[in-house]
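Asker: If you want this note's numbering, it's the 1-based position in the sequence shown plus 259.
Got a structure here, written out as structure tokens. Questions coming.
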Amino acid sequence: MEPGDDLRLALELAELADSITLGRYLASDLRIDTKPDLTPVSEADTAVERALRERLAGARPGDSVIGEEYGPSTAPDSTRRWIVDPIDGTMSYVRGMPTWGTLLALQDGDEVLLGVVSAPALHRRWWAARGAGAWVLDGLHDRPRQIHVSAVSELADAQLCISAVNEWEAIGRLDAILELERRCWRTRGLGDLLSYMLVAEGVAEIGLDPVASLWDLAATQVIVEEAGGRFTDLGGTATAEGGDALASNGLLHDAALAIVGR
């Protein structure tokens, strides 16, 4: 199987997901439930994950799948695993904010091979595969364009994207994130997928999360790295499985870790 076949499949899966999420976005009768961790899950979340699992079962029956809503399905004889976040930013989705999207990644062993991030309400889709660069298709251009991180080399000139301040307070790192904010030129509280994609596009220099799961980070990791950036957990390990994350243009990574790292 050629690597391009997997990327083509991932982009097809993103199209399928978009058709479902957009179909229920802003619907007055959207059904919303509460998961055991007290976070919301909409009927669109579960519908997307079911549809993607069904498509993968037919197209890649030998691969495992792990998703936010239905957990892992294991193929013991394969090292390959598809990672699915049907709607990253469900709280935004159910409130009508457009900063949500579907995240898809393919992992082989410990390496994430490719990632797709599709944000249809923003008319944007990003993707990357190892060794093939990072790309975006937006509503302003007819063709995909390759993206690269910025060349900003001083924190004082950097744009910082942070998640909710109360999440940093909950892990006892409020002073650290406020110090990083003071050191940077400008801060925006974007959160979710958008902070990482803006780093990959070179629009922002640092994006980070104090609490995150594998399906929140796998696709964004490979896109940031293929755009020339660096992606680690807050301990400095290059992984999407550390439970938190820091993405940067690479030039500012160590400086940011020195302030917020664990």
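Note that beta-carbon positions come from the ideal geometry of N, C-alpha and C, so glycine has one too.
Kindly indicate if chain B contains any beta-carbon less than 8 Å away from that of M350.
Answerer: Among the chains in the structure shown there is no chain B, since it carries only a single protein chain.
Asker: Quick one: grab the DSSP three-state call for W427.
Answerer: Here W427 sits in helix by DSSP.
Asker: Among the candidates L285, L505, I291, A486, whose CA atom is the shortest distance from the CA of G390?
Answerer: Measuring from the Cα of G390, the nearest candidate turns out to be A486.
Asker: If you draw a straight line from the C-alpha of V307 to the C-alpha of E440, how long is it?
Answerer: Each residue's Cα considered, the two are about 36 Å apart.
Asker: Is the distance from the Cβ of V375 to the Cβ of A477 below 8 Å?
Answerer: No, Cβ-Cβ distance for V375 and A477 is not below 8 Å.
Asker: Assign T338 to buried or exposed, taking buried as 16 or more other Cβ atoms, counted over all protein chains shown, within 10 Å of its Cβ.
Answerer: Result: exposed.
Asker: How is R339 classed by DSSP in three states: helix, strand or coil?
Answerer: Three-state result, R339: strand.
Asker: At which residue ranges does the region 287 to 335 contain complete alpha helix (DSSP H) runs of 4 or more residues, listed in the order of the chain?
Answerer: You should have 302 to 318.
Asker: From the DSSP secondary-structure annotation, give me the bridge partner or partners of D367.
Answerer: According to DSSP, D367 bridges with R339, E370.
Asker: Can you look up S377 in the DSSP assignment and give me helix, strand or coil?
Answerer: Residue state, collapsed to three classes: strand.
Asker: Let me know the secondary structure DSSP gives W385 once reduced to three states.
Answerer: In the structure shown, W385 sits in a strand (DSSP, three-state: E or B).
Asker: Using CA atoms only, rank isn't needed, just tell me which of A387, V411, G466 is closest to A423.
Answerer: For A423, the nearest C-alpha among the options comes from G466.
Asker: Helix, strand or coil, according to DSSP, for D492 in the structure here?
Answerer: The answer is coil: DSSP assigns D492 none of H, G, I, E or B.
Asker: Decide if I291 is buried, meaning its Cβ has at least 16 other Cβ atoms within 10 Å, or exposed.
Answerer: It counts as exposed.
Asker: To the nearest whole angstrom, what separates the beta carbons of P469 and E426, a pair I think is in contact under 8 Å?
Answerer: Their Cβ separation, rounded to whole angstroms, is 5 Å, which keeps P469 and E426 in contact under 8 Å.
Asker: Around the Cβ of S301, are there at least 16 other Cβ atoms within 10 angstroms (buried) or fewer (exposed)?
Answerer: Result: buried.
Asker: Is E271 closer than 8 Å to T305 when the C-beta atoms are compared?
Answerer: No, they are not a contact pair.
Asker: Touching or not, the region 442 to 457 and the region 352 to 365, by the rule of three or more beta carbon pairs under 8 Å?
Answerer: Result yes; three or more Cβ-Cβ pairs closer than 8 Å.
Asker: Which complete beta strand (DSSP E) runs does the region 454 to 493 hold, if anything under 3 residues is left out?
Answerer: With a minimum length of 3 residues, the continuous beta strand (DSSP E) runs that stay inside the region 454 to 493 are 465 to 468, 489 to 491.
Asker: On the premise that V519 lies in contact with A435, defined as a C-beta separation below 8 Å, what is that separation, rounded to the nearest angstrom?
Answerer: 5 Å between Cβ atoms; contact.
Asker: When you compare only the Cα positions, how much space is there between A276 and R312?
Answerer: Spanning the two alpha carbons is a distance of roughly 11 Å.
Asker: Between the region 390 to 406 and the region 312 to 322, can you find at least three pairs of beta-carbon atoms closer than 8 Å?
Answerer: Short answer: they don't touch.
Asker: Name the residue from M456, I325, Q366 whose alpha carbon lies nearest to the alpha carbon of C420.
Answerer: The shortest C-alpha separation from C420 is found at M456.
Asker: Using only CA atoms, which one of A499, D347, L510, A459 lies nearest to H407?
Answerer: If we check each option's Cα against that of H407, A459 comes out closest.
Asker: Is it buried or exposed for A429, if we count other Cβ within 10 angstroms and need 16 for buried?
Answerer: A429 comes out exposed.
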